[in-house]
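All letters in the sequence shown, in the order written, are residues -18 to 320 by the working numbering.
Don't be surprised by glycine CBs; every beta carbon is placed ideally from N, CA and C.
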Amino acid sequence: MTTFGLFVDFRRLDSSGRSAAAHGARTLELLAGAEALGCDAAWFTEHHGFADGYLPQPLVLAAAVAARTTNLRLGTAVVLAPLRHPRHIAEEAALVDVISSGRVELGLGAGYAQAEYDAFDVDMARRFDRTDSVALEVRRLLGSGDVTPGPVQRPLPLWLGYQGPKGAHRAGRAGMGLLSLDRALFEPYRQGLAAGGHDPGDARMGGLVDILVADDPPAAAERLLPHWLHQQNTYRALMRRPDGSRPSPLDEDKVRQRLAATGRLGALQVLDVAGAVAELRRRLDGLPAHHVFAWLSLADMPDDLVERHVELWCGPVREAVRNSGGDTDATGPAARLES
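As structure tokens, then:
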């Protein structure tokens, strides 16, 4: 059964009016409330050096959420494996698994930002080979008894966050889950499983979908525009072209024009319940999708949009996708997240 989760980047914008401490408390409150609404999982990401406080230590926040919840799966999408020693990752993941009574899903990835590698004084040139070797060593350590306390789950679920066909093949060859729902990667992943001596029938995929759910999608998309623009421009600031130059920031007027023409903010779709259910059924059909997750909050978007998105995603969208042909009407009574 596919779990429905929320993807947490922990950004805080000045417009929220909250302190960092209040923002942290609010995040814990939202995730505990999401669990009560039916959410299955929270997934935590990683970046470094963002002025808006983008989450730098995903397993630290996962431990805090573990203490506030009872059933929520706690995933990383992803820990930047080349920036850490494998024993450090294994010990931290095992401890969170103990604290949570066996709810960790450990996703590892390579990252793409030269500035982050520079900050940790790590060579970026062989990051994919390094990610593979760290992942294999983490798996060995978690199963060896050398890490104490050891994890509750034996084995602890491991994932690789690769997004291209070569990476999908690597994930399969290693016998790990693939943190992507890109249909084009399914076959390379299966081929990798077979090449590594693993049963292709054991394929596991999961990942982020750029969907936000709202009662009035056009109105919500207009309010989300500055938050999406902030998100995209901070990502673009990390990127480098082959010649070393940076992409220019996106222009708000051009983004608004594209929104008017397409109804989308880039790849992000703001949908009502029926639209989200239809889109998810299309994306997940035929894939071994163990996990699907949407943003908890897009770059610290307004509280009312966060709360309604969470209750619709964790309630009627989740229920309808799990129960083919189920009721997708979101107008009936639903539990409200307390602000």
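**OP:** Say whether the stretch 228 to 236 touches the stretch 210 to 219, bearing in mind that this needs 3 or more beta-carbon pairs closer than 8 Å, one atom from each stretch.
**Re:** yes
Original post:
In three-state DSSP terms, what is H29?
Top reply: Along the sequence shown, one-based indexing puts residue 29 at 48. In the structure shown, H29 sits in coil (DSSP, three-state: anything other than H, G, I, E or B).
**OP:** Would you tell me roughly how many angstroms separate the C-alpha atoms of Y93 and H28, rounded to the nearest one?
**Re:** Taking the first residue of the sequence shown as position 1, residue 93 is located at position 112. Taking the first residue of the sequence shown as position 1, residue 28 is located at position 47. Approximately 10 Å between the Cα atoms of the pair.
Original post:
Do three or more CB pairs link the stretch 46 to 55 to the stretch 260 to 269 at distances below 8 Å?
Top reply: no
Original post:
From A255, R120, N52, pick the residue whose C-alpha is nearest to that of A17; which is it?
Top reply: Position 36 of the sequence shown, counted from the first residue, corresponds to residue 17. It is N52.
Subject >> CA-to-CA distance, A259 to G244, given in whole angstroms >> reply: As a working note, residue 244 is residue 263 in the sequence shown. As a working note, residue 259 is residue 278 in the sequence shown. One C-alpha to the other measures close to 16 Å.
**OP:** Could you say which of L286, F109, H66 lies nearest to P199 if we only look at CA atoms?
**Re:** Your numbering for residue 199 matches position 218 in the sequence shown. Closest option to P199, Cα to Cα, is L286.
Original post:
Does DSSP put G142 in a helix, in a strand, or in coil?
Top reply: Taking the sequence shown and counting its residues from 1, the one referred to as residue 142 is at position 161. Coil, per DSSP.
Subject >> Within the stretch 52 to 110, ranges of the beta strand (DSSP E) (whole runs, at least 3 residues) >> reply: 54 to 57, 85 to 90
**OP:** With a threshold of 16 other CB atoms inside 10 Å of the CB of L318, please say whether the residue is buried or exposed.
**Re:** Within the sequence shown, the letter at position 337 stands for residue 318. In this prediction, L318 has a pLDDT of 38, which is less than 50 and means its spatial position is unreliable; nothing more can be read from the coordinates.
Subject >> Short Cβ contact (7 Å threshold) for L166 with A149 >> reply: On the sequence shown, residue 166 is found 185 positions in, with the first residue counted as 1. On the sequence shown, residue 149 is found 168 positions in, with the first residue counted as 1. The answer is yes: Cβ separation under 7 Å.
Subject >> Segment contact, 8 Å Cβ cut-off, at least three pairs: the stretch 122 to 134 with the stretch 60 to 72 >> reply: yes
Subject >> Of the listed residues V236, G178, A152, nearest to V115 (C-alpha basis) >> reply: Taking the first residue of the sequence shown as position 1, residue 115 is located at position 134. The residue with the shortest Cα to Cα distance from V115 is A152.
Original post:
Would V41 be called buried (16 or more neighbouring beta carbons within 10 Å of its own) or exposed?
Top reply: Sequence index remark: in the sequence shown, residue 41 carries index 60 (1-based). Exposed is the call here.
Subject >> Touching by the beta-carbon criterion (3+ pairs, under 8 Å), the stretch -13 to -2 and the stretch 239 to 254 >> reply: no
**OP:** Provide the residue span of the beta strand (DSSP E) that contains A275, from first to last.
**Re:** Indexing the sequence shown from 1 puts residue 275 at position 294. Segment 270 to 276, the beta strand (DSSP E) holding A275.
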